[in-house]
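A.B. asks: In this note's numbering, the protein residues as written are 213 to 593. Each residue gets a CB set at the ideal place from its N, CA and C atoms; glycine is no exception. All values derive from a computational prediction rather than experimental measurement.
Following this line, the structure appears as structure tokens:
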């Protein structure tokens, strides 16, 4: 008899929900939990809302029946991490209770909503244990991937029970085993100009240390000095060096063109005793002088497996920087020139910067190539 009443009640609820699209859809899809939350939310705004009261009246017991059934099935199963599922179900039941208790309209329909505080605490402890135990099982100092998975398992254990056993310590161990340790060698440059690559080294180190590598928390870079201080046994050696850099000779060229401007006052004329302005075309030969220096070079990059000296990646990145200076001169009527063209005639030749400055500018586009390659390569680890 009770079963028949329950079926009739659910059928009635579907009819009542015709005017409530989202609640009806959630209920018909078997998502009784969401149906309850939507009804409670409406009753919080309008405690007398009839359809929401009817929805809550039938959806809440359906949700409790479904979730407790899910809990019992999980407890009886041999499913891995089943207690995490039990925790989730108890949390949904308790959340429904909390939401109903904070809504007078909902509380008038469900006067004593179920709450499983002690059961949830017990389930959390068991969920922490199952994740902790699996983490201990797979933690392996010689297997980065397994240690990475163990790290997340210990992290989840702490999420279920704060301070569970020595999960934090095990997390630290797992992170240490899972982290790929890379030594970035000092970046040398060709000696012909007595150049320094310190600025470039600083930029590369800042990129690597600042999380520039795409979302990889299990990757750590060291300078040779740092590696020596902690007696590091690295996994990779990142070797970056400028294979060549040449500053070319100053190349100068001139480009001359004729400039003209119409309707320019060029004098005056007298007609019948009256003086009038006279307009005509003015001209000038305008010459643009350009001095240019091309600097070119090649950056080599290699990633070496520190265990067997195997080359894991090797690339050469070319780069070019063109320095130039422009000034102008003219012969003719200045009025044929624009303001910008006149301003260029007031400039004087500026000698090219020293090789160190040219080298800095040359490295800017190479830096972008380098960081893109490193991102692509280390995204796999």
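(1) Under three-state DSSP, which class holds residue 576?
(2) Use the C-beta contact count for residue 443: other C-beta atoms within 10 angstroms, 16 or more gives buried, fewer gives exposed.
(3) Could you tell me the alpha carbon to alpha carbon distance between residue 481 and residue 473, rounded to whole angstroms?
(4) For the alpha helix (DSSP H) that contains residue 601, what are its first and last residues?
(5) Which term fits residue 531, buried or exposed, when burial requires 16 or more other beta carbons within 10 angstroms of its beta carbon?
(6) For a quick check, are the C-beta atoms of residue 428 and residue 590 less than 9 Å apart?
(7) For residue 360, which residues in the same chain have their Cβ closer than 8 Å to its Cβ, ignoring the five residues on either side in sequence?
(8) Can you give me the Cβ contacts of residue 517 inside the same chain, cut-off strictly under 7 Å, excluding the 5 residues immediately before and after it?
(9) What residue from 477, 497, 358 has the CA that sits closest to residue 471's CA?
(10) Which parts of the stretch 234 to 308 are runs of the alpha helix (DSSP H), unbroken and 4 residues or longer, counting only runs that do not cross its ends?
(11) Any idea if residue 304 is buried or exposed, counting beta-carbon neighbours within 10 angstroms, 16 or more meaning buried?
(12) Between which two residues does the beta strand (DSSP E) holding residue 543 run?
(13) Suppose only complete runs of 4+ residues qualify. What are the alpha helix (DSSP H) ranges in the stretch 350 to 400, listed by chain order?
(14) Which of the three DSSP states is assigned to residue 320 in this structure?
(15) Do residue 457 and residue 407 count as a contact pair if the criterion is CB distance below 9 Å?
(16) Among 378, 357, 356, 355, whose alpha-carbon lies nearest the alpha-carbon of residue 366?
(17) Please decide whether residue 311 counts as near chain B, where near means a Cβ-Cβ distance under 9 Å.
(18) Given a threshold of 16 other Cβ atoms within 10 Å of its Cβ, counted over all protein chains shown, does residue 314 qualify as buried or as exposed?
(19) Can you tell me which residues form a DSSP beta bridge with residue 490?
(20) Would you kindly check if the distance between the Cβ of residue 450 and the Cβ of residue 514 is under 9 Å?
(21) Would you mind working out which of 561, 484, 459, 261 sits nearest residue 502, comparing C-alpha positions?
(22) Could you tell me the boundaries of the beta strand (DSSP E) in which residue 432 lies?
(23) For residue 224, which of helix, strand or coil comes out of DSSP?
(24) Roughly how many angstroms separate the alpha carbons of residue 261 and residue 584, rounded to a whole number?
(25) Roughly how many angstroms lie between the CA atoms of residue 396 and residue 418, to the nearest whole one?
(26) Buried or exposed, going by whether 16 or more other CB atoms sit within 10 Å of the CB of residue 201?
(27) If you check the beta carbons only, do residue 265 and residue 288 fall under 9 Å apart?
C.D. replies: In brief:
(1) Locating residue 576 in the chain shown gives position 364, where the first residue counts as 1. Three-state DSSP puts residue 576 in a helix.
(2) Translated into the one-based positions of the chain shown, residue 443 becomes position 231. Exposed is the call here.
(3) In the chain shown, counting from the first residue as 1, residue 481 sits at position 269. In the chain shown, counting from the first residue as 1, residue 473 sits at position 261. The alpha-carbon atoms of residue 481 and residue 473 are separated by roughly 20 Å.
(4) Given a span of 213 to 593 for the chain in the structure shown, any question on residue 601 remains unanswerable.
(5) Here residue 531 refers to the residue found at position 319 of the chain shown. Classification for residue 531: buried.
(6) Position 216 of the chain shown, counting from 1, holds the residue named residue 428. Position 378 of the chain shown, counting from 1, holds the residue named residue 590. Yes, they are a contact pair.
(7) Here residue 360 corresponds to residue number 148 of the chain shown, with the count starting at 1. So the qualifying residues of the chain are 386, 390, 430.
(8) By 1-based counting over the chain shown, the position of residue 517 is 305. Closer than 7 Å at the Cβ level, and outside the excluded window around residue 517, lie 448, 524.
(9) What you label residue 471 is simply residue 259 of the chain shown in a count that begins at 1. Nearest option by C-alpha distance: 497.
(10) Here the runs fully enclosed are 244 to 257, 262 to 288.
(11) Indexing the chain shown from 1 puts residue 304 at position 92. So residue 304 ends up on the buried side.
(12) Numbered from its first residue, the chain shown carries residue 543 at position 331. It spans 523 to 544 - the beta strand (DSSP E) in which residue 543 sits, taken as one unbroken run.
(13) 356 to 372, 379 to 390
(14) Along the chain shown, read from residue 1 onward, the residue named residue 320 stands at position 108. Coil, per DSSP.
(15) Start at 1 with the first residue of the chain shown, and residue 407 comes out as number 195. Start at 1 with the first residue of the chain shown, and residue 457 comes out as number 245. For the pair residue 407 and residue 457, the CB atoms are nearer than the 9 Å cut-off.
(16) Here residue 366 refers to the residue found at position 154 when the chain shown is read from its first residue. Of 378, 357, 356, 355, the smallest CA-CA separation from residue 366 is found for 378.
(17) The chain inventory of the structure shown lacks chain B, comprising one protein chain alone.
(18) Taking the chain shown and counting its residues from 1, the one referred to as residue 314 is at position 102. When all chains shown are included, residue 314 counts as exposed.
(19) The count along the chain shown starts at 1 and reaches residue 490 at position 278. The partner list for residue 490 (beta bridge, DSSP) reads 479.
(20) Looking up residue 514 in the chain shown gives position 302. Looking up residue 450 in the chain shown gives position 238. In this structure, residue 450 lies closer than 9 Å to residue 514 by Cβ.
(21) Numbered from 1 along the chain shown, position 290 holds the residue referred to as residue 502. Minimum Cα distance to residue 502 is reached at 561.
(22) As a first step, residue 432 is located in the chain shown; it is residue number 220 there, counting from the start. In this chain, the beta strand (DSSP E) harbouring residue 432 covers 431 to 434.
(23) In the chain shown, the residue the question calls residue 224 occupies position 12. The pLDDT assigned to residue 224 is 49, lower than 50, so where the model puts this residue is not dependable; a value taken from the coordinates is nonetheless given after this. Residue 224 falls in the helix class under three-state DSSP.
(24) Locating residue 261 in the chain shown gives position 49, counting from the first residue. Locating residue 584 in the chain shown gives position 372, counting from the first residue. In a straight line, the C-alpha of residue 261 is about 58 Å away from that of residue 584.
(25) Within the chain shown, the letter at position 184 stands for residue 396. Within the chain shown, the letter at position 206 stands for residue 418. Those two C-alpha atoms are separated by around 12 Å.
(26) With the chain running from 213 to 593 in the structure shown, residue 201 is simply not present.
(27) Reading the chain shown from its first residue, position 53 is the one you call residue 265. Reading the chain shown from its first residue, position 76 is the one you call residue 288. No; because the gap between Cβ atoms is not below 9 Å, this pair is not in contact.
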